[in-house]
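Letter by letter, the sequence shown follows residues 957 to 2035 of the numbering used here.
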Amino acid sequence: MIRCFFDFLGHSIAKWPIAFSALSLVLSLLLSCGITLLQLKDRIRDGYTPENAPSWAETADMRRFWNSTGDPMKTFVLIRSKLPDRNLLRLDLLSRSVRLHQFVLHEFVPPLANASAPFTYSDLCSPYCEFNFPLELFVDALNESVAEHRTQLSKSSQKNGKNNANKNNLSFPVASVHSFRVPLEWFFFGVSLKGPAEREKPTQKVEQQMTNMDSVYMIQLTFSADRSTPTKSRQLSQWEMSLYDFLRFDYNDTLLDVQVIGMDILDNEMTRDNHETVPFFSTGLLLVGAFVAVNVFGTVSFRRVQLSAFGPLLLVLATVCCPLLAIGSTFGAMALLGFRINSFLLVLPYLVLGIGVDDGFLLMHRWFQLAESVKSAPRRLRLVLADIGPSVTVTSLTNVISFGIGAFTPTPEIRLFCFGTALALTFDYVLQITLFCPIMQFSAYFEQSSADNDHELKGQRNKEIKIIEKKDKSKQTERGKTAKGKEEKRGGKVKEEKEQKEGGRGEEEQKEGGRGEEEQKEGGRGEEEEKRRGRGEEEGKENRQSDCLSLREPSSGKRKWSPLEQNNLDGKEGEIGTAAAELLDGFLDVYCSLLRNRCFAAFLLFSTLCYWYGSLRGSLSIQSKLDTRKILPKGSKLQETFILLEQFVWANHFTVTVKIDGLLNVSSTEEMRLFYELVQHFEKIPRSKGPSSSLVWLRDFERFCRYEDDNLMKMERFINELELGELNEETEEDKGTVNGTNEVTLCRLDQFLDMPFYSHWAPFIRQHVDSITGCPSVHCFILVFAYQNVSGWDVRIDLMQRWRAIAKAHSRRMPWLNFSVWEYNAQFVDQMLSLPSVTVHSFLLTMCCMLFVCALFVPSLFSVLFAGLSISSISVGVFGFLSWLHFDLDPVTMAATLMSIGLSVDFTAHITYHFRQSHRVESNNDHLTGNENVRFVPLLSKEDKLKHTLAAVGWPMIQSGVSTALCISPLLFTHKYAPAVFVFAVFLVSAWGLLHGLLLLPCALSFLPLRGFSSRPFRCILNFLTWRRKLRIWEGKAATNGREGEEKLGQLGGGSELRVTKEHGHGRKAEEINGEMEV
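Below you can see the structure in the form of C-alpha cells.
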C-alpha cells in the first residue's frame, strides 16, 4: 500500500512537475517574508525550568504579593577599588560610591529610543527607592566620626587614647547609626575583620579605627522595582540596558571598577553575541555545497551519465536550496505566529541543512542508478519515489517525532527549540518531494551527448542489425549445444540424426537469411518496427499496472547478479566506468563475506559489549549541573561578574524569602509561639547567619508595642542628634525591660510604620482595614533569612529542599496559614532537580514513537526489535560519551540527546527497510521499441539481501554522515557552550551511526532467520482484532434476534477460522517459493 501511494505520488509529480515546484517555491518564499517580524530573545532565568516545577508556583505567589505582571527588576552594581590594595574602606572611595548611587538614582536618564518622556530610576522604584539608604547613613556616620576624631586630635582633646566613635556603632555586620539599624552585610562583601591585637594599634588608618573592619573588597548596590504594568516593564528594561551601556563604555573612574548585571543584561548579551554565528553558518553552507558538488559530479562521471554541466549544477543548487527554503519558511512562520526566536533556534539552520542534504543524497543515488536503463524522466521519477519514498519518509517522520516530543516538554526554551526544528524538518520533507523531485526530472532533459546523437541520427540502422545478428548467433550456439547432447544420448543413431538436424538447420538458416534480407528492405523494417512498438506499449501498460502488485520470475541464466551493473544493452560505455564498477562490486562481495564471517561477528559482539559498558558508565556518572557562565560567551565581560557573585556575594550573604498568607493573631500567645518556632527552624539550619541577619518585622513590632517609653526615648534622641549633634550614651533604662506589659495589637501598625526607625518594614506587609474593628489587618507578609557559604549548587539544592520541607511541615501545624518559600535562583535549582527524570521520560517516549513508526513502515518483528536496539545503542552512546567529554546534564545536553535519537534513525531505518525487501527492481531500456522494461526480481538468500541493502543505501549513508558533520563543524569556532554540545553530539551520532548502520546492524541481520522478517505476526494481530470486532457485532445481534443470531454467529466463527487458515496457508506457500520470505 505504501509503495503504491508513492508510485501514485511519483506519477502525479512527473505529470505536473511545474505546478508542484512552482506552488512549493511560492509558498516557501511567502512564508519566508515573515522573517521581517522576527524577535530574538532569551529567557535565561526561567526559560530552562520545567513549568510543573515548584518554583513556578512560588514565583506566582510572590508576583501576587508584589502586584506585578512579572518578576521584579533586580539590577546589581558591583564596585571594586582599582588601587593595588583593593581596599574600599577609605572615605574617598566610599564617598565616590555614594555619589555614583545618587547619580544612578536621581540623575541618570536613559536614551529616549522607546520612551515618550524622560524618566529616571526614582520615578519607577517605589517602594524600593530607599533600599541603599543604609549605606549612605554608614558613610555619613563614618565621615562625621573621622572628622570629629581629627578635630579632637588637633585640639589634643582626646582622653585616654579614646575617640568619640561610640557616638555611632559602626561595626560589621550590623551597625547602629542615629538609632537606625544598618545591615552592612547587605552592601559590604569580602570583608576582613580586625583581630584582637589589631584593634588598638595607633598605626591603623583612621577609617579602620572607627570600625571593626580591616578591609572591604567589594560593595554591592541593589536597584529593584516592580513590573506592575507592561509600560513600566519596558521602561525598566530600557533603564537597565542603558545603565549597562553607560557604565561599560562612558563611565570612567580612575579609582573605581564598576560592573553591572541583571536579567535583561544577560538576555541582551546572549542576543548580541548570537549575531556572530552568521559567518559560521555561511562557512558551513559553503562546505556542504562543495561536498554536494563533488559527489554529484563524481557520481555523474562514475555512472557514465551523459549530462551537460548545467544538469549537475542544477541538482547541487536544489540539494542546498531546499533546506534553506525550509529554514526561511520556519523562521517566517514562527514570527507570523507570534513566537520569539531564542539562542537554541540559531543552531536549527545547521541541523536542517545537514539532515535535508541527506534526503537529497538518497534520491539522487537511486536516480543515477536508473539513469542508464530508464531514459524516460517521468518513468524514472516514479520508480525512484516508489523505491526511496518510504525510506525517506521513515527517517523524516522519526526526526519530526523526536523533536515533536521535545516540543511537549515542560521546559519553555527547549520546547520552543524542538517545535521550531520539527516544523523545519516537516517543511524540508515536503520540499524534497514537491520541489527537489521535479528539479531532478528537469535535470534529465540535459542527459544528452554526442555519442547518443550518433546512435540516434546516424547509426540506428546499423545498431538494429547488430542486435539481430547477436540474437541469431546466440540461437545457433544454443541449437548446436542441444544437438550435441541429443547425439550422445541416442548412441548408434547419432549419424542419421545429425544429418537430419543439419538439413533442418540449413533450411532454417535459409529461412532466417531470407527474413534478414526482407528486414533490410525499408518497407519491411518499418512494419516490423511498428509491430514491436505496439508490443512494447502493451508490455509497458502491463508493467505499469503491475508495479505494485505483480512479481516477475527471474531470468533462467546463471549469471551472478551485481547491484552496480548498469543494464546497458549497447555494450560498454567506457572502460574506466566499467572497471570501477567491477572493482566496487568486488569490494562489496568481500565486505559482505566479512560481515557473514563468524569470527568477525564474534569480534564485533565483543567490541559492542565494551562500547555499551563505556556508554552506560558515562551515562550513570553524568552530573546534573547548571552553570549560567556556560551559556555566556567565553570572552564576555559578564563572566567576571558572575565569578564575583559566586565567590563573594552568594558565599557571604544568600537569602531566602518566606511568604505567609492568612490572618495571624499577634495577640494569641499560642499562635505566636508556633510562629517563632517556624522562625527558629529557618535560623537553625546549617549555614544560617543567625537572628542578627534575619528580617522579621514582628520582632520590632512587638518591641514597639510593649516598650512605648523606649520608642519615645529613641525619637527624642534622634531629634537631638539631627538638630543639636548631641547624643547621650544609651543606658540600660533606655533599652527597656524584658517584662513589657503593653498589649501587642495591630491597631498600632500604622504608628509603627510611621516611625522613621521602622518605615522600611512597609514593603514586607500587605494589609487592609478590618470593617468590624476598624484596625489594620495583615493578610500577607514576608520574612527574610540569610545564609553563608552557599556558592555551590549542591549546597543550594540541599538548602532549597530543607526550606520547602519546613514550610510544608508548618503548613500542616498551622492550617489557617499558608507558607511558601521563594529564592531568586530557585528555578535554576528546579532545573537540576528535574533534569534526570525529564530526560529519561523524554527518551522512553521518543523510543516508543520511533518503534511505532518503524513497525508502521517496516512491519516485521526482527526489523523493529533490532532497529529499536540500534537506536537505543546510538543514543546511549552519544549521551555517555558526552559525559566522558566533561559535559554536564543540563537542558542543552537533554536537547542534544533528543536530537541524537532522531538522527540515529537515519542510520537504522534504511538498513532494516531495504534488508526486509523481498525483491529488487531490475530495469532496462529497449532501444528498438523505446520502452523501459521493469521487473521485480526476488532476493532469495541473505547474501543477496545484504548486498542489495549496502549497494542501495551504504554510500548515501556515508554521504549523509559526512555532510552533517561538515555542516555543523564551524560552530566549534564560536567558543560557546550550547553550540559545542550540539557539535560533539552530531559528531558522535554520525560516528556511532555509521558504525551501527554499516557494521553492527548488517552483521546482526545476516545471521537471523529469514522467517523473523515476515509481517505475519503483525498481520495476525490485525486479523485477530478485526475478527474480535466482528464477533462483538454479531453477539449484539444474537442477543436481540435470538436463535437466528446464534446460528449466524456460529457460521461467522467458522468462516473466520477458515479464512484465517487459508491466509496462513497462502503465506506459508509464498514463503516456500521465495526462500521463506513473504511476497
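We treat Cβ as the ideally placed atom computed from N, Cα and C, and that holds for glycine.
Secondary structure note for S1024: it is in no beta strand (DSSP E), with a DSSP letter that is neither H nor E. Cα atoms of Y1569 and F1818: separation of roughly 24 Å, rounded to the nearest angstrom.
In the DSSP assignment, V1746 falls outside any beta strand (DSSP E) and carries neither an H nor an E. Taking 8 Å as the upper bound for CB-CB distance, I1000 and L1222 are in contact here, some 5 Å apart.
Looking from the CA of P1589, the closest CA among L1039, T1031, T1365 and L1927 belongs to L1927.
Within the segment 1894 to 1975, the complete alpha helix (DSSP H) segments of 4 residues or longer fall at 1898 to 1924, 1933 to 1951 and 1957 to 1962, listed in chain order.
Within a 10 Å sphere around the beta-carbon of P1235 sit fewer than 16 other beta-carbons, which makes this residue exposed.
Excluding sequence positions up to five before and after T1367, its CB lies within less than 6 Å of the CB of Y1004, P1006 and P1847, all in the same chain and listed in chain order. Contact annotation: D1182 and N1298 have beta-carbon atoms that are not nearer than 8 Å.
Inter-residue distance for T1178 and W1142 is about 9 Å (C-alpha atoms, whole angstroms).
For the set S1623, H1766 and A1718, the Cα lying nearest the Cα of V1700 is the one of S1623. Buried is the label assigned to C1393, since at least 16 other Cβ atoms lie within 10 Å of its Cβ. Across the structure, V1909 and V982 are spaced so that their CA atoms are roughly 32 Å apart. Taking every protein chain shown into account, the CB of D1726 has fewer than 16 other CB atoms within 10 angstroms, so this residue is exposed. The beta carbon of V1272 is closer than 6 Å to those of V1248, A1249 and V1252 in its chain, skipping five residues each way along the sequence. In this structure, the CA atom of Q1636 is about 16 Å from the CA atom of D1656. Taken in chain order, the complete alpha helix (DSSP H) segments of 4 or more residues contained in the segment 1704 to 1780 are 1705 to 1710 and 1749 to 1769.
With contacts defined by Cβ atoms closer than 8 Å, T1025 and S1285 do not form a contacting pair. When the beta-carbon positions are compared, H967 and R1338 come within less than 8 Å of each other.
Burial state of L1242 is exposed, judged by a 10 Å Cβ sphere holding fewer than 16 other Cβ atoms. Taking L1319 as reference, the option from I1311, L1341 and V1308 with the minimal CA-CA separation is L1341.
Annotation: the continuous beta strand (DSSP E) that includes I1175 extends over M1169 to A1181.
In the structure shown, I1578 falls within a coil segment according to DSSP collapsed to helix, strand and coil.
Sequence-distant partners of E1639 (beyond 5 residues in either direction) whose C-beta falls short of 8 Å from its own C-beta, in its chain, are G1646, P1647, S1650 and F1741. A residue is called buried when at least 16 other Cβ atoms come within 10 angstroms of its Cβ; R1872 meets this threshold and is buried.
Shortest Cα-Cα distance from L1600 to any of P973, V1033 and A1009 involves V1033. Apart from the 5 residues on each side of it in sequence, V1172 sits with its Cβ closer than 6 Å to the Cβ of L1044, L1045, F1144 and V1147 in its chain, given in chain order. In the structure shown, the three-state DSSP call for T1613 is strand. The bridge partners DSSP lists for A1131 are V1138. Between Q1388 and G1310, the C-beta spacing is not below 8 Å. Remark: fewer than three beta-carbon pairs, one from each stretch, lie closer than 8 Å, so the segment 1564 to 1579 and the segment 1917 to 1925 are not flagged as touching. DSSP places V1848 within a helical segment (H, G or I) once states are collapsed to three. Per DSSP, D1343 is one residue of the alpha helix (DSSP H) stretching across A1333 to G1362. Assigned with DSSP and collapsed to three states, G1646 falls in coil, not helix or strand. In this structure, DSSP gives T1076 a state outside helix and strand, which the three-state scheme calls coil. The segment 1548 to 1559 and the segment 1955 to 1962 touch, with no fewer than 3 CB-CB distances between them shorter than 8 Å.
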